[in-house]
Ligand SMILES: O=C(O)[C@H](O)COP(=O)(O)O
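In my numbering, the protein residues as written are 66 to 275.
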């Protein structure tokens with residue numbers, strides 16, 4: 066009989082993309098292969114990815130490192146969008162420089178902002194929380210920085226605006242466990258142990274690298 070089971074969400078931002086974001090760089094392809102090798106023994110039931118080239122290519126290279134034939138699945142919910150548009154009140158209440166973040170969000174196309182809330186809700190439904198089944202489920206989502214921040218924020222029940230300031234490095238690994246009757250648990254965040262030093266921290270500004 067199916068009963069609620071833990072879900073392990075493996076969350077990764079796509080590997081490094083070239084400047085027009087039409088494909089991965091050589092370094093990005095190496096990152097994606099290494100991420101795939103890191104996940105090779107994880108019994109993934111699914112590999113979801115956003116529809117854009119950089120997430121699609123990353124997911125394909127990850128899948129190619131496996132012997133189990135799990136095929137990547139494109140999902141709009143794993144795509145590139147603003148998951149929640151912060152209000153001035155949110156930001157002032159959070160004690161941060163409101164103009165800075167309002168200007169930051171305003172630079173993204175209206176379409177990415179308008180569709181975001183609904184897509185973010187779908188992503189939470191599809192990719193987070195315990196699952197029904199006979200055993201724990203392991204799933205990979207290859208996505209973009211903003212949805213990554215949104216999912217980590219949600220795992221900590223932080224305020225909606227707080228996806229801002231949570232940043233994932235390219236091809237780093239974040240793992241969240243959702244067990245029935247327990248709070249969500251971020252097991253690892255931005256793990257880059259599978260990447261050599263020169264392939265770590267890409268996709269982040271210098272002040273976010275440690
Ligand atoms: O939508 C996003 O997450 C940001 O625009 C960053 O995008 P990226 O993760 O594709 O670089």
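The beta carbon of each residue, even a glycine, is placed where N, CA and C say it ideally should be.
Beta-carbon proximity of residue i to residue j, cut-off 9 Å
i: residue 119; j: residue 80; result: yes
i: residue 177; j: residue 146; result: yes
i: residue 240; j: residue 252; result: yes
i: residue 167; j: residue 133; result: no
i: residue 122; j: residue 88; result: yes
i: residue 67; j: residue 197; result: yes
i: residue 225; j: residue 249; result: no
i: residue 275; j: residue 76; result: no
i: residue 212; j: residue 188; result: yes
i: residue 99; j: residue 264; result: yes
i: residue 107; j: residue 203; result: yes
i: residue 258; j: residue 103; result: yes
i: residue 126; j: residue 86; result: no
i: residue 74; j: residue 192; result: yes
i: residue 136; j: residue 142; result: no
i: residue 82; j: residue 114; result: no
i: residue 151; j: residue 72; result: no
i: residue 214; j: residue 233; result: yes
Element boundaries [alpha helix (DSSP H), containing residue i]
i: residue 137; result: No alpha helix (DSSP H) contains residue 137, which is instead part of the beta strand (DSSP E) from 137–139.
i: residue 98; result: 91–103
Continuous beta strand (DSSP E) stretch holding residue i: start and end
i: residue 205; result: 202–208
i: residue 113; result: 109–114
Residue(s) in a DSSP beta bridge with residue i
i: residue 68; result: 198
i: residue 250; result: 242
i: residue 218; result: Residue 218 is not bridged to any residue.
i: residue 85; result: None; residue 85 has no bridge partner.
i: residue 235; result: 78
Open item on the list: Which complete beta strand (DSSP E) runs does the region 126–196 hold, if anything under 3 residues is left out?
Closed with: 137–139
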